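A.B. asks:
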Amino acid sequence: MKTILIFGLLVCNFSFAQHSVNSSGGETAGVGGSAGFSIGEVIYSNYSNASGSVLEGIQLPFEIVTLNNSVFAKDVQLLVFPNPTTSVLILRISQEVNSGLKYQLFDSHGKLIETQNNLKVENEIDVSGLSAAIYFLKIFNGSDEVNTFKIIKN
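Using the working numbering, the first residue of the sequence shown is number 19, and each one after it goes up by one.
1) Would you mind sorting V139 into buried or exposed? The rule is 16 or more other CB atoms within 10 Å of its CB.
2) Tell me which residue opens and which closes the beta strand (DSSP E) that Q95 is part of.
3) Expressed to the nearest angstrom, what Euclidean distance is found between the alpha-carbon atoms of N101 and L155?
4) Select from V106, L97, Y65, G48 the residue whose C-alpha is nearest the C-alpha of G147.
5) Could you round the C-beta distance between L119 and L130 to whole angstroms and report it? I think they count as a contact, below 8 Å.
6) Which of the three DSSP states, helix, strand or coil, is assigned to T103?
7) Around the Cβ of I157, are there at least 16 other Cβ atoms within 10 angstroms (buried) or fewer (exposed)?
8) Just to confirm, is the Cβ distance from E163 to I108 under 8 Å?
9) Taking the straight line between their C-alpha atoms, what separation do you get for S66 and E114?
10) Give the single residue among S161, I170, Y153, T104 whose Cα lies nearest to the Cα of G48.
11) For T21, count neighbouring Cβ atoms within 10 angstroms of its own Cβ and tell me buried if that reaches 16, exposed if not.
12) Should V94 and S112 be called a contact, given that it needs their Cβ atoms to be closer than 8 Å?
13) I'd like the list of long-range same chain contacts for A151, defined as Cβ closer than 7 Å, with 5 residues on each side in sequence excluded.
14) Give every residue of the same chain whose Cβ lies closer than 6 Å to the Cβ of S161, excluding the five residues on either side of it in the sequence, and list them in chain order.
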């Protein structure tokens with residue numbers, strides 16, 4: 019009787035709980051809101067409507083986003099590689115630009131980490147001292163924001 023009672027309590031306890039075995043997880047916040055995440059869930063749900071979709075319970079490996087601004091010359095290409103990176107990030111400008119280009123590196127909370135003025139055709143950005151996270155590299159032409167790169171530091 020005692021064994022049945024203990025078994026019954028365990029079944030009730032586990033049948034109403036949400037349970038998953040995750041390898042990692044955390045929370046992040048930014049200007050647009052906040053989100054909690056976990057890595058390692060086996061079961062997921064997909065919710066879609068006209069404004070977008072959400073994959074609940076699944077962690078996508080990485081995403082590379084480039085936002086462009088039409089203020090900058092259309093024949094100038096900006097490249098950032100390797101992304102994801104572990105130590106050095108290369109910012110390459112396809113041609114010499116006479117105006118004062120600069121970059122600013124921000125963390126996911128919007129905190130300014132580094133600024134470099136007067137960019138050359140090829141620029142090395144040392145990220146080896148930064149924690150593994152997502153960063154944003156913003157390129158400016160004077161006071162105009164030209165491009166934003168989402169950088170993943172492993």
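Glycine is no exception: its CB is placed at the ideal position from the N, C-alpha and C atoms.
Quantities reported herein were computed from a predicted structural model and do not represent experimental measurements.
C.D. replies: According to the structure data:
1) Counting from 1 along the sequence shown, the entry for residue 139 is found at position 121. With fewer than 16 other Cβ atoms within 10 Å, it is exposed.
2) Here residue 95 is taken as the residue at index 77 of the sequence shown, counted from 1. Note, Q95: premise wrong, no beta strand (DSSP E); not H, not E.
3) Your numbering for residue 101 matches position 83 in the sequence shown. Your numbering for residue 155 matches position 137 in the sequence shown. Using only the alpha carbons, I get a separation of about 12 Å.
4) As a first step, residue 147 is located in the sequence shown; it is residue number 129 there, counting from the start. Check the Cα spacing between G147 and each of V106, L97, Y65, G48: the tightest is with V106.
5) Locating residue 119 in the sequence shown gives position 101, where the first residue counts as 1. Locating residue 130 in the sequence shown gives position 112, where the first residue counts as 1. Not really, about 17 Å apart at Cβ, beyond 8 Å.
6) As a first step, residue 103 is located in the sequence shown; it is residue number 85 there, counting from the start. Looking at T103 - three-state DSSP - the assignment turns out to be strand.
7) For the purposes of this step, residue 157 is taken as the residue at position 139 of the sequence shown. So I157 counts as buried.
8) The residue labelled residue 163 in the question sits at position 145 within the sequence shown. The residue labelled residue 108 in the question sits at position 90 within the sequence shown. In this structure, I108 does not lie closer than 8 Å to E163 by Cβ.
9) Looking up residue 66 in the sequence shown gives position 48. Looking up residue 114 in the sequence shown gives position 96. About 44 Å.
10) Here residue 48 refers to the residue found at position 30 when the sequence shown is read from its first residue. Nearest option by C-alpha distance: Y153.
11) Residue mapping note: residue 21 aligns to position 3 of the sequence shown, counting from 1. In summary, T21 is exposed, with fewer than 16 beta-carbon neighbours lying within 10 Å of its beta-carbon over all protein chains present.
12) Residue numbering aside, residue 94 sits at position 76 when the sequence shown is read from its first letter. Residue numbering aside, residue 112 sits at position 94 when the sequence shown is read from its first letter. V94 is a Cβ neighbour of S112, given a cutoff of 8 Å.
13) Working through the sequence shown from its first residue, we reach residue 151 at position 133. Same-chain partners within the cutoff: D125, S126, K171.
14) Indexing the sequence shown from 1 puts residue 161 at position 143. Around S161: no qualifying Cβ.
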